[in-house]
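Residues -4 to 128 (the numbering used here) make up the sequence shown, in order. Every residue, glycine too, gets a C-beta built ideally from N, C-alpha and C. Computed from a predicted structure; not experimentally measured. To start, the structure itself, in structure tokens.
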Amino acid sequence: MNSSGHRAIVLSTGYNYAAFGVAISPTTGKRYWAGVILKGPDRTAAWSKVGTVSKTILDQTYARVTVRWSGGDTRLQVLTAGLRYFQAQKRRDGGTWLDYGTTTNTSLTRKWSRGHRYDVRLRARDKVGNWGA
């Protein structure tokens, strides 16, 4: 921070990635530091998180289930791509995953058969194509 050039780079809001490393000489023990600060495209994954699940019993056979979630794109100092959409899937009783497709909605309401176990998973994608887990 004593170098005006280095200080300006470190304090700048025009960069979005930074990496630092150190190497230690095995003979002298001297430390050698290096840093890379750059402005690059968004490579971070979008994120999603399941929120609440609500259920309304319709009759002996069916229930209406609503799953709500939230998500977004990981915020960078510059060049954040932004959220594009979510992909939602469900499976019944540990079977095959059924894809509901992509949506910008933050909830899904379906009529499901009672007496079964349902799993729901979702992931988010940003505007440059980075998928979240």
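Let me know if residue i comes out buried or exposed under the rule of 16 or more other beta-carbons within 10 Å of its beta-carbon.
| i | result |
| --- | --- |
| PHE15 | exposed |
| ASN100 | exposed |
| SER43 | buried |
| ALA3 | exposed |
| ARG11 | Reading off the sequence, residue 11 comes out as Asn, not Arg. Classification of ASN11: buried, given that the 10 Å Cβ count is 16 or more. |
| LEU53 | exposed |
Would you report the Cα separation of residue i and residue j, rounded to the nearest angstrom?
| i | j | result |
| --- | --- | --- |
| GLN55 | THR39 | 46 Å |
| THR8 | GLY110 | 54 Å |
| SER65 | VAL45 | 7 Å |
| TRP28 | ALA18 | 7 Å |
| THR104 | LYS122 | 26 Å |
| TRP92 | GLY124 | 22 Å |
| LYS106 | VAL31 | 53 Å |
| GLY24 | LEU71 | 36 Å |
Give the C-beta separation of residue i and residue j to the nearest angstrom, bearing in mind that I take them to be a contact with Cβ-Cβ under 8 Å.
| i | j | result |
| --- | --- | --- |
| SER102 | ARG59 | Actually they are not in contact, since the Cβ atoms of SER102 and ARG59 sit about 12 Å apart, beyond 8 Å. |
| ASP37 | ALA76 | 4 Å |
| ARG112 | ASP88 | 6 Å |
Say whether chain C places a C-beta atom closer than 8 Å to the C-beta of residue i.
| i | result |
| --- | --- |
| SER65 | The structure shown contains no chain C; it holds only a single protein chain. |
By alpha-carbon positions, which one of the options ends up nearest to residue i?
| i | options | result |
| --- | --- | --- |
| ARG116 | ASN100, ARG105, LEU33, PHE81 | PHE81 |
| LEU33 | THR104, HIS1, LEU93, ARG112 | HIS1 |
| GLN84 | ALA119, ASN125, MET(-4) | ALA119 |
| GLY67 | MET(-4), GLY90, THR61, GLY127 | GLY127 |
| THR47 | SER20, THR61, ARG79, GLY35 | THR61 |
| LEU74 | TYR95, LYS106, GLY35 | GLY35 |
Problem - Whole runs of the alpha helix (DSSP H) within the stretch 66 to 103, excluding any shorter than 4 residues - result: none
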